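Chains V and W supply the protein sequences, listed in that same order. Numbered per this note's numbering, the first sequence spans residues 1 to 328. Numbered per this note's numbering, the second sequence spans residues 1 to 328. Here a beta-carbon is modelled for each residue, glycine too, at the ideal position from N, C-alpha and C. Since we're looking at a predicted model, the values are computed, not measured. Read through the structure below, which is laid out as structure tokens, and then see the notes.
There are 2 protein chains.
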Amino acid sequence: MKIALIGLGSVGRGVAEMITKKDLGLTITGLADSKSGAMDPKGLDIPTLLTHKKKNGHCGDPDISTLDIIKKADYDALVEVTPTNALSGEPAIGYIKAALARKKHVVTSNKGPIALANKELRTMAQENGVALRYEATVAGAIPIMHTLEHGLAGNDILALYGVLNGTCNYILTRMADEGLTYEQALMEAREMGYAEADPTYDVKGIDASIKLVILANNIWGHDVRLTDVDCTGIDLLTPDALRLADDEGCTIRLIAEAIPRKNILRVSPRIIEKSHPLVVDGTLNALTLETDMAKEITLIGRGAGSVETASAIIGDLLYIKDRYDGSA
Amino acid sequence: MKIALIGLGSVGRGVAEMITKKDLGLTITGLADSKSGAMDPKGLDIPTLLTHKKKNGHCGDPDISTLDIIKKADYDALVEVTPTNALSGEPAIGYIKAALARKKHVVTSNKGPIALANKELRTMAQENGVALRYEATVAGAIPIMHTLEHGLAGNDILALYGVLNGTCNYILTRMADEGLTYEQALMEAREMGYAEADPTYDVKGIDASIKLVILANNIWGHDVRLTDVDCTGIDLLTPDALRLADDEGCTIRLIAEAIPRKNILRVSPRIIEKSHPLVVDGTLNALTLETDMAKEITLIGRGAGSVETASAIIGDLLYIKDRYDGSA
């Protein structure tokens with residue numbers, strides 16, 4: 001199956017490297033970073049292009065744009081891994097639409113378009129007879145979308161609870177384990193590369209809320225938005241609060257929860273028993289699904305990382321390859 | 001899709017009840033318990049048959065055998081949930097073969113046939129162009145087979161570690177939490193209905209070993225057998241051992257592990273950090289897959305139970321329905 005890959009940040013590089021390294025029946029025929037593009041219907045020489053990017057800051061021809069790749073390259077599935085814009089979803093929404101309009105499958109790790117325009121994009125994919133998959137938008141390497149689609153098929157999902165932001169989980173783990181203040185733990189997270197210079201998006205719970213919106217819309221077909229989430233971050237937590245929780249055999253985690261029967265869509269720091277499966281350490285993510293038949297199912301894994309996120313994207317690509325194999 | 005259901009123990013009843021209760025597009029057209037059978041190509045009246053079984057000890061006509069149902073009923077997929085025979089796999093192997101020979105899909109929760117004759121049965125299914133699925137054989141409601149097949153597609157599975165026996169995990173949890181002896185905890189497990197009168201199969205690690213064999217053969221296509229597993233049970237563990245582990249922030253769990261690169265296929269009590277995702281409480285099961293791209297993925301859920309196991313079987317049935325929908 002032929003792949004056009006747009007976006008060559010950490011995730012894009014991971015996808016390019018894994019497709020090149022592993023014998024998966026996938027060939028990259030189009031490639032774009034923010035400054036240039038390259039295409040070859042017979043398959044691009046990825047190692048050479050990546051080396052070129054390292055040396056020169058761009059991978060291909062500066063006269064070829066991302067949209068040129070999407071509109072002109074010869075491919076079956078677009079992998080859209082450009083930077084997330086959580087406010088407008090653009091330009092990624094436009095990229096995805098352009099591919100769907102060409103009847104190309106789309107796999108994305110981009111939370112913006114899926115949180116903001118999921119219904120519209122899904123409808124468009126359906127009308128064009130192609131797949132739109134976004135396993136990588138939530139909880140990195142954890143195959144939560146596949147689990148909902150197949151593993152728990154037939155179950156009613158009654159509620160979901162998740163630790164969906166690795167930065168917050170790292171900070172809370174360090175505050176609990178070492179008695180650090182929020183500021184100390186945040187500084188450490190920055191030094192480890194787990195927090196950005198401006199951590200607002202993570203520590204205020206916005207990132208977790210966006211993922212909760214994606215999950216809720218996916219599971220229940222609702223059309224909830226970021227503004228529907230009752231959101232509290234972790235930036236006002238004190239070491240005292242964690243100590244008090246510890247005295248009761250508990251700890252504090254930033255929990256995203258969706259419970260339709262109680263009309264709850266919330267991200268907030270919660271006191272939770274240490275032995276609870278959702279209490280994971282460091283930057284791990286975790287999700288518990290409450291269902292009618294399987295009861296509680298918990299999935300734990302890495303919520304970020306170049307190759308870890310590539311795992312989710314490649315899982316989606318192989319699913320499309322398997323399902324629509326005539327196109328390859 | 002039409003279903004023939006053979007076996008009306010706890011799991012069979014769960015499957016029958018869920019198919020009847022939920023609108024899944026599944027119709028039971030054949031039903032057999034150990035003493036009788038019933039069939040109707042238009043769909044059986046399941047509530048009436050289950051009530052009849054409760055009153056009279058059998059669900060249908062005593063002159064209709066299980067093999068009659070398999071060979072004569074009008075169905076698309078056989079659900080084989082008869083009792084497990086871990087030594088010979090029979091009569092279930094014969095049941096499954098009879099259905100495959102008729103080009104019927106087979107879904108089973110029966111560990112015997114899959115541990116003993118997986119390769120032969122899979123080949124036979126393939127030759128007949130039908131599916132053989134067995135999500136329910138390992139870890140109850142946890143969709144481990146679906147995760148391996150789809151969620152982690154493209155990953156190399158490097159190792160797996162699992163808590164695969166709820167009885168042992170319950171006993172170890174109680175010994176650790178309450179300082180009980182093995183004998184006391186076992187007695188409690190019996191009272192709770194978590195351990196059988198003869199607990200050998202569970203506490204000696206045999207049940208976990210069988211599940212490990214099924215997983216290893218599924219993942220790596222090896223043809224390992226129960227006798228290849230280096231197996232130690234939990235029946236010689238003392239409260240002292242658990243106390244010593246506790247002093248180090250650890251506990252003891254019966255871990256099944258398969259690590260091909262180290263030639264390890266082992267079930268044994270292991271000292272493990274309490275914060276490790278595999279440390280689950282009570283009768284829960286848990287599995288960690290170590291992979292090349294996604295790294296470690298852990299799944300936690302209920303390892304047994306009527307409706308919980310039905311969840312796994314129904315997931316398999318809906319997968320078949322989705323994939324082979326021409327047959328419905």
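| Check | Outcome |
| --- | --- |
| Within its chain, find whatever has a CB closer than 7 Å to the CB of L265/W; leave out the 5 residues flanking it on each side and keep chain order. | L212, A216, V224, D228, V229, D230, A258 |
| Measure the C-alpha to C-alpha separation of A286/W and D207/W and round it to an integer number of angstroms. | 15 Å |
| Between L67/V and L31/V, which are expected to be in contact by the criterion C-beta below 8 Å, what is the C-beta distance as a whole number of angstroms? | Actually they do not touch by this definition, with Cβ atoms about 14 Å apart. |
| Grab me the residues of H58/V's own chain with a C-beta within less than 7 Å of its C-beta, minus the 5 sequence neighbours each way, in chain order. | D33, K35, S36 |
| Indicate the three-state DSSP secondary structure (helix, strand or coil) for D316/W in the structure shown. | helix |
| Taking the runs of the alpha helix (DSSP H) that are 4 residues or longer, which of them lie wholly in the region 112–182 of chain V? | 166–178 |
| Under 9 Å between C-beta atoms, does P260/W make it to chain V? | no |
| Is there a Cβ of chain W sitting closer than 9 Å to that of G154/V, yes or no? | yes |
| Do you know offhand how far T309/V's Cα is from V138/V's? | 10 Å |
| So that I know if they touch, is there some Cβ in chain W lying closer than 9 Å to that of I142/V? | yes |
| May I have the straight-line CA-CA distance separating T20/V from D45/V, to the nearest angstrom? | 9 Å |
| Any beta carbon of chain W sitting closer than 9 Å to that of L299/V? | yes |
| Closest by CA to C168/V, which one among T200/V, L78/V, I144/V, N85/V? | T200/V |
| Which residues of chain W have a Cβ atom closer than 9 Å to the Cβ of K295/V, listed in chain order? | A141, G301, R302, G305, V307, E308, S311 |
| Where does K21/W fall in DSSP's three states? | helix |
| Is it the case that the Cβ atoms of E273/W and G303/W are separated by a distance below 9 Å? | no |
| Please decide whether Y319/V counts as near chain W, where near means a Cβ-Cβ distance under 9 Å. | yes |
| Measuring only between beta-carbons, confirm whether T283/W sits less than 9 Å from chain V. | no |
| Listing by chain order, which chain W residues have their CB less than 9 Å from the CB of G162/V? | By Cβ distance, chain W contributes nothing, its closest Cβ being about 14 Å from G162/V, past 9 Å. |
| By DSSP, does S268/V sit in helix, in strand, or in coil? | strand |
| What are the start and end residues of the alpha helix (DSSP H) that includes T200/V? | 200–203 |
| Taking Cβ-Cβ distances below 7 Å as the criterion, which residues of the region 4–19 of chain V are in contact with chain W? | M18 |
| Helix, strand or coil for V229/V? Go by DSSP, reduced to three states. | coil |
| Can a CB atom of chain W be found closer than 9 Å to the CB of V279/V? | yes |
| Just to make sure I have the definition right: I need the residues of chain V whose C-beta is within less than 8 Å of the C-beta of H105/W. Which are they? | In chain order: nothing, as chain V lies at least about 15 Å away. |
| Based on Cα-Cα distance, which residue from D247/V, L244/V, P269/V, D240/V lies nearest to R253/V? | P269/V |
| Should L24/W be flagged as near chain V, meaning a C-beta pair shorter than 9 Å? | yes |
| Kindly give me the distance between the Cβ atoms of V106/V and L100/V, rounded to whole angstroms, as I take these residues to be in contact under 8 Å. | 6 Å |
| Under 7 Å Cβ to Cβ from E17/V, same chain only, skipping five residues before and after it: list those, please. | none |
| Helix, strand or coil, according to DSSP, for A86/W in the structure here? | coil |
| Please compile the residues from chain W whose C-beta is within a distance smaller than 9 Å of the C-beta of I314/V. | A153, G154, N155, M293 |
| Residues in its own chain within less than 6 Å of A256/V by CB, not counting five upstream and five downstream? | G162, L164, A208, L212, V267 |
| Along the beta strand (DSSP E) that carries A258/W, what are the first and last residues, could you check? | 250–259 |
| Can you list the residues of chain V that A275/W reaches, using a CB-CB cut of under 9 Å? | Residue identity differs from the one stated: residue 275/W is Ser in this sequence, not Ala. Within chain V, the residues near S275/W are K274, V279, V280, D281. |
| With DSSP as the reference, identify every bridge partner of A98/V, one or two as the case may be. | None, per the DSSP bridge assignment. |
| For T147/V, would you say it is in contact with chain W, using Cβ-to-Cβ distances shorter than 9 Å as the test? | yes |
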